[in-house]
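If you want our numbering, it's the 1-based position in the sequence shown plus 11. Cβ atoms here follow ideal geometry from the backbone N, Cα and C, with glycine treated the same way. These notes are about the structure you will find just below.
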Amino acid sequence: MRAFSVALVTFAFLLPLTAQDVKPKDVREVAKGGAPSIPTLQKYLKNQPPDVRAEAVKQLTDVGTAASLDPLILATQDDDPQIQILATDGMVNFYSPGYVKTGITAPIRKVGSSIKGKFTDTNDLIIPAYVTVRADVVAALARMVKSGVNADVRANAAHAAGILRAKDAEPELLEAVHTKDTDVIYEALVALQKIRDQSAGPAIAFRLRDMDQKVQIAAIQTTGVLLNKAAVPDLIDVLNRAKSMTVKREALTAIAMLPVPSSRSLYEQYLHDKDDRMRAAAAEGFARLKNPADLPMLTTAWQSETKTAPRLSLAFAQVMLGKTEMGEFSPLRFLINNLNSSSYNGVAYPFLVELARDETVRQALYAPMATGTKDEKIGLARVLARSGDSGSVAALDKLSKDPDPAVAQEGLKALRTLQSRL
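This is the structure:
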């Protein structure tokens, strides 16, 4: 009899209430029914006050099944900006679980607050390559990037498009780069970095001289990531004219990502600069010129360098030019050691990703990945996920069975990412 009563109460909560009776707490109660409550939650997206509609979106997000995506897409068409933002975050959360609690818009879970000013430069979240995003989710994001209710919605949608690698939203992102709102422009540029379609590079070059430094730096970084060599003269002009040291550093770093022989004099000029980052960028430029004759000079500079950041760049350069041995004090070992550093693992990791595209370097990484520290194993798994080949499958498969659960999980994730690429 008691079981019948509980079932009856649950059934009653799943019935839609009349518009004037529904409160956010009622929506939360309905959502306790889990996935079966989704049709009722979807009904609360229409003909209800904003707080009820917003609560319905939150609960659809928390239910978290694929069946939630259709109503979340519907909610992106709401005329309330906060609800559009919550719906966007809900879609991202499906593909990147936990995003609504940690993402840049987490503070607006409380309806009525604003995301203005909450966009940050820590913007590196992206879903694994093996995750496929539904086309209608990408279409909803593209629509909001283009015509969201306000700039906050458009910026948030651009941010989401980057996380989800939404390549089909690229036309809207490029259009967003031409808007006037700083956050929208910035998020669109970062999204284009994550999508990594090199054909988009020339279309954002006009932002290299933007008056807003945040936008200008994002444009410089995007130009480097998208390998737009045609922009090198513009970047050199930015470097020479910039009053901000931050802009100068980013400009030289981007130039170093776009190696052309004519930039050699710049690298020579800054290899012994008093600024650590400028020395580092110059070393990276020499690395990508790949002239073996530069190795003795770079080795000498590495031996005399005392700061970690430029030492990492000089180590990268030496390995790029063929110094791939794995001795205790070798450049490659130095890069791997820094995967253990909370301050420098974010520098060592991309260098290793780039270096591991070479077969000799990949072969050298298998031994330390098997015997290294937890952080080294995890870092090298991520490296091979991006730069490994069919020969890396066995090493990652073995790592997926590591006694440390965190290492094993990362090994399995890396294996799936690599297999999706292969």
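Below 8 Å CB to CB, which residues in the same chain sit around residue i once its five sequence neighbours on both sides are set aside?
i      : result
ASP413 : LYS388, ALA419 and GLY422
LYS205 : ILE137, GLY173, ILE174 and ARG176
LEU277 : ILE247, LEU250, LEU263, ILE266, ALA293 and GLY296
TYR360 : LEU350, GLY390, ARG393 and VAL394
MET289 : LYS259, ARG260, LEU263 and TYR281
VAL74  : ALA42, GLY45, ALA46, SER48, ILE49 and LEU52
ALA253 : LYS259 and ALA262
ASP284 : ARG290 and ALA293
LEU346 : LEU323, ALA326, PHE327, VAL330, ALA359, PHE362, LEU363 and LEU366
ASP132 : Model confidence at ASP132 stands at a pLDDT of 40, short of 50, so the residue's coordinates are unreliable; what they give is reported in the following sentence. The answer, listed in chain order, is LYS225.
Ignore the nearest five residues each way along the sequence and tell me which others in residue i's own chain have a CB closer than 7 Å to its CB.
i      : result
SER107 : LEU136, ILE138 and ILE174
VAL201 : ASN134, GLY173 and ALA229
ASP90  : VAL160
SER431 : ALA140 and TYR141
LYS178 : ILE206 and ASP208
VAL122 : Bear in mind that the predicted position of VAL122 carries a pLDDT of just 39, short of 50, making it unreliable; the figure below should be weighed with that in mind. Same-chain partners within the cutoff: PRO61, ASP62, ALA65 and GLN93.
ARG344 : MET337 and GLY338
ASP147 : ILE84
GLU186 : LYS157
ALA180 : VAL149, LEU152, ALA153, VAL156 and ALA172
PRO416 : none
ARG368 : SER398
GLN221 : The sequence given here places Asp at residue 221; Gln does not occur at that position. Closer than 7 Å at Cβ, skipping near neighbours: GLN227 and ALA230.
VAL33  : TYR55, GLN59 and VAL63
ALA438 : Absent from the structure is residue 438, since the part of the chain shown begins at 12 and ends at 433.
SER255 : GLN224
ALA425 : ALA392, ARG393, LEU395, ALA396 and LEU407
Which whole-angstrom value describes the C-beta separation of residue i and residue j, a residue pair presumed to lie in contact below a C-beta threshold of 8 Å?
i      : j      : result
ILE228 : THR257 : 7 Å
VAL358 : ALA320 : 7 Å
LEU410 : LEU429 : Their Cβ separation, rounded to whole angstroms, is 11 Å, which puts LEU410 and LEU429 out of contact at 8 Å.
LEU238 : LEU219 : The pair is not a contact, with the Cβ atoms about 15 Å apart (cut-off 8 Å).
GLY383 : LEU391 : 7 Å
ALA262 : VAL249 : 5 Å
VAL68  : ALA98  : 5 Å
ILE94  : PRO61  : 7 Å
PHE327 : PHE362 : 4 Å
THR233 : LEU203 : 6 Å
ASP223 : THR190 : Contact doesn't hold; Cβ gap of about 12 Å is too wide.
SER398 : VAL364 : 5 Å
VAL226 : ILE196 : 5 Å
ALA86  : LEU56  : 5 Å
GLN70  : VAL38  : 6 Å
LEU366 : VAL404 : Not confirmed; about 20 Å, so no contact.
Which same chain residues, not among the five before or five after residue i, have their C-beta less than 6 Å away from its C-beta?
i      : result
ASP287 : LYS318, ALA320 and PRO321
SER324 : ALA291, ALA294 and GLU295
HIS170 : GLU198
LEU300 : PRO270
PRO303 : LEU332
ASN104 : THR72, TYR110 and VAL111
GLY128 : For GLY128, the predicted structure reports a pLDDT of 37, less than 50, and the residue's modelled location is therefore unreliable. A value from the coordinates is still provided. Counting only Cβ-Cβ distances below 6 Å, and skipping sequence neighbours, we find nothing.
ASP386 : LEU350 and ASN351
PHE165 : A small fix is needed here, since residue 165 is Arg in this sequence, not Phe. Closer than 6 Å at Cβ, skipping near neighbours: VAL156, GLY159 and VAL195.
ALA378 : none
Residue i lies in the alpha helix (DSSP H); which residues open and close that run?
i      : result
PRO203 : Looking at the sequence provided, one finds Leu at residue 203 rather than Pro. Per DSSP, LEU203 belongs to the alpha helix (DSSP H) from 193–206.
THR319 : 319–331
SER431 : 416–432
GLU316 : Segment: none, GLU316 is in no alpha helix (DSSP H) and carries neither H nor E.
LEU350 : Segment: none, LEU350 is in no alpha helix (DSSP H) and carries neither H nor E.
GLU279 : 275–281
SER158 : 146–158
GLY296 : 287–300
THR371 : 370–382
ASP32  : From DSSP, ASP32 is part of no alpha helix (DSSP H); its letter is neither H nor E.
HIS189 : Unbroken run through HIS189: none, as it is neither H nor E.
SER389 : First, the amino acid is wrong: residue 389 is Ile here, not Ser. Start and end: 385–398.
VAL258 : 256–268
ALA140 : Neither: ALA140 is in no alpha helix (DSSP H) and is coded neither H nor E.
MET102 : 92–106
ALA229 : 224–236
PHE340 : Unbroken run through PHE340: none, as it is neither H nor E.
ASN251 : 243–252
GLN53  : 49–54
LYS69  : 61–74
Any contact of the region 294–314 with the region 373–382, i.e. 3+ C-beta pairs under 8 Å?
Under the three-pair Cβ rule at 8 Å, the region 294–314 does not count as touching the region 373–382.
Three or more C-beta pairs under 8 Å: does that hold for the region 150–159 against the region 209–218?
They do not touch, by the three-pair rule.
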